[in-house]
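J.: Below you'll find the structure I mean.
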Amino acid sequence: MSSTVLPPRRRSGMRRRSARLGWAFASPALLVVAAVMIFPIVFSVIMSANHVQVSGNGFQLSGFTGSNYSILLHAPRFWHDLEFTVLYTVFTVAVEMVLGTLIALVLERLTTGRGWMMALLLMPWALITVVSAELWAYVYNGVYGVLDAFLGDFGVHDLNVLGTPMQASIAMAVADVWKTTPFVAIMVLAGLVMLPSEVVEAARVDGANGWTVFWRIRLPLLRPALAVAVLFRILQAFGLFDLPYVLTNGGPGTSTESLAVLGYKVLFNDLEFGPGAAIAATTALIVLVFCLLFLKVFRTQVGEQED
Numbered sequence: 001m002s003s004t005v006l007p008p009r010r011r012s013g014m015r016r017r018s019a020r021l022g023w024a025f026a027s028p029a030l031l032v033v034a035a036v037m038i039f040p041i042v043f044s045v046i047m048s049a050n051h052v053q054v055s056g057n058g059f060q061l062s063g064f065t066g067s068n069y070s071i072l073l074h075a076p077r078f079w080h081d082l083e084f085t086v087l088y089t090v091f092t093v094a095v096e097m098v099l100g101t102l103i104a105l106v107l108e109r110l111t112t113g114r115g116w117m118m119a120l121l122l123m124p125w126a127l128i129t130v131v132s133a134e135l136w137a138y139v140y141n142g143v144y145g146v147l148d149a150f151l152g153d154f155g156v157h158d159l160n161v162l163g164t165p166m167q168a169s170i171a172m173a174v175a176d177v178w179k180t181t182p183f184v185a186i187m188v189l190a191g192l193v194m195l196p197s198e199v200v201e202a203a204r205v206d207g208a209n210g211w212t213v214f215w216r217i218r219l220p221l222l223r224p225a226l227a228v229a230v231l232f233r234i235l236q237a238f239g240l241f242d243l244p245y246v247l248t249n250g251g252p253g254t255s256t257e258s259l260a261v262l263g264y265k266v267l268f269n270d271l272e273f274g275p276g277a278a279i280a281a282t283t284a285l286i287v288l289v290f291c292l293l294f295l296k297v298f299r300t301q302v303g304e305q306e307d
């Protein structure tokens, strides 16, 4: 039996040709991505640093200035919306991670019907956020809503759920958790299925109970799956727009106004394109810095765990 081994020079030449062929196939898609994503981002950053005038002929940039960011950083409304967005993100992501992990643990133990349960579980996640928000708006409606009718049987009437800042914030969080917890559950379930069963069985043979096995062995091994779920959810939650815009339009007042809703109102209601672009750029920068810090901490912890 004989085998042919290519010389190193020929192998490197084949790799280069393969790489060029790959770039040739990928370049049309990359050009489309550059046109629909990269160019708007660059143009938005340029607008955020310029005074933008809108006329019948379109946009007109009247010179580089940092006044948009100065106006933004001195606006109490921006800081209020930033605080609300951060608190909302932390609260909803924490609740979703706990509930999603519990649901994943239950699904893992199912021997029959897991596929059907996963399909039912994904239905809220599959709904478009605007449709989901309209559904919850009907539930929360104080006149003909489902929640009002249900509470009416217990003597609670005329409960305006979206009428006060605290109630509106909780109502939004409930709607968000209902929609996005299935995503976390599926991510965690995928991580649970991939765990090495030998390690868990060895711990049980050594006398570890279920809680110890989960807390000391399974949870540390689940860190990659949990990190991906947290990262995706933070990116989504920090860009919160559809839910508050449909449910409360940022109200009462501006109590449930996220940074995305603020940017939309400044851009399209006030037609202040410079400050609106500055809000978008600042939000993107905050998310980018957080993601980089999160990944750095995660890699450090994984490295320590492997050592």
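Going by UniProt numbering, the sequence shown opens with residue 1, and the numbers climb by one from there. Backbone N, C-alpha and C define an ideal beta-carbon position, used for all residues, glycine too. Keep in mind the model is a prediction, meaning the values are calculated, not measured.
According to DSSP, N50 sits in a beta bridge with which residue or residues?
T.: DSSP lists F64 as partners of N50.
J.: I'd like to check one pair, L121 with Y140: are the Cβ atoms closer than 7 Å?
T.: No, they are not a contact pair.
J.: Looking at I71: is its Cβ nearer than 7 Å to the Cβ of P275?
T.: Yes, Cβ-Cβ distance for I71 and P275 is below 7 Å.
J.: Would you mind working out which of I286, L61, P182 sits nearest G100, comparing C-alpha positions?
T.: Checked all of I286, L61, P182; the closest Cα to G100 is P182.
J.: Can you grab the Cα-Cα spacing for the pair P252 / L21, in whole Å?
T.: When rounded, the distance between both Cα atoms is 56 Å.
J.: Going by DSSP, what residue range makes up the alpha helix (DSSP H) through G100?
T.: Per DSSP, G100 belongs to the alpha helix (DSSP H) from 76 to 109.
J.: Hey, how far is the Cα of L61 from the Cα of V45?
T.: Between L61 and V45, the C-alpha separation is close to 12 Å.
J.: What did DSSP end up calling F241 once you bin it into helix, strand or coil?
T.: Looking at F241 - three-state DSSP - the assignment turns out to be coil, as it is neither helix nor strand.
J.: Would you mind stating whether E257 and D148 have Cβ atoms separated by less than 7 Å?
T.: It is not a contact, given that the beta carbons lie outside the stated cut-off.
J.: Whole beta strand (DSSP E) runs in the segment 152 to 232 with 3 or more residues, listed along the chain?
T.: Qualifying beta strand (DSSP E) stretches: none in this window.
J.: Report yes if the C-beta distance between L195 and L221 is below 7 Å; otherwise report no.
T.: Closer than 7 Å, so yes.
J.: Would you call V93 buried or exposed, if buried means 16 or more other Cβ atoms sit within 10 Å of its Cβ?
T.: That one is buried.
J.: Measure from the alpha carbon of L127 to the alpha carbon of each residue in F78, P76, K179, then state which is nearest.
T.: Comparing Cα-Cα distances from L127 to each of F78, P76, K179, the minimum goes to K179.
J.: Leaving out five residues on either side along the sequence, give the residues of the same chain with a beta carbon under 7 Å from the beta carbon of A225.
T.: Same-chain partners within the cutoff: M187, V188, A190, G191.
J.: Applying the criterion that 16 or more other CB atoms from any shown protein chain within 10 Å of the CB defines a buried residue, is L247 buried or exposed?
T.: With 16 or more Cβ atoms within 10 Å of its Cβ, L247 is classed as buried.
J.: Below 7 Å CB to CB, which residues in the same chain sit around V287 once its five sequence neighbours on both sides are set aside?
T.: Answer for V287: L235, F238, listed in chain order.
J.: Using a 10 Å radius around the Cβ and a threshold of 16 neighbouring Cβ atoms, would you call T111 buried or exposed?
T.: By the neighbour-count rule (16 or more Cβ atoms within 10 Å), T111 is not buried but exposed.
J.: From G115 to L107, what distance separates their C-alpha atoms?
T.: In a straight line, the C-alpha of G115 is about 9 Å away from that of L107.
J.: With a 10 Å radius around its C-beta and 16 neighbouring C-beta atoms as the bar for buried, classify R233 as buried or exposed.
T.: Buried, by the Cβ-count rule.
J.: Spatial neighbours of N160 within its chain, please: CB distance less than 6 Å, with the 5 preceding and 5 following residues excluded, ordered by chain position.
T.: The residues are G142.
J.: Would you report the Cα separation of S48 and V146, rounded to the nearest angstrom?
T.: Going from the Cα of S48 to the Cα of V146 covers about 44 Å.
J.: Output yes or no for whether 7 Å exceeds the beta carbon distance between Y245 and V261.
T.: Taking 7 Å as the Cβ cut-off, Y245 and V261 qualify as a contacting pair.
J.: Going by DSSP, name the residue or residues bridged to F59.
T.: For F59, which the question treats as bridged, DSSP gives the partners V54.
J.: Which word fits D206, buried or exposed, when buried means at least 16 other C-beta atoms lie within 10 angstroms of its C-beta?
T.: D206 comes out exposed.
J.: Just to confirm the assignment, what range does the alpha helix (DSSP H) spanning A260 have?
T.: Unbroken alpha helix (DSSP H) run through A260: 259 to 264.
J.: Just the Cα atoms here: how many angstroms apart are L31 and A284?
T.: Going from the Cα of L31 to the Cα of A284 covers about 22 Å.
J.: Taking all protein chains shown into account, do 16 or more other C-beta atoms lie within 10 angstroms of the C-beta of F84, making it buried, or fewer, making it exposed?
T.: Buried, because 16 or more other Cβ atoms sit within 10 Å of the Cβ of F84.
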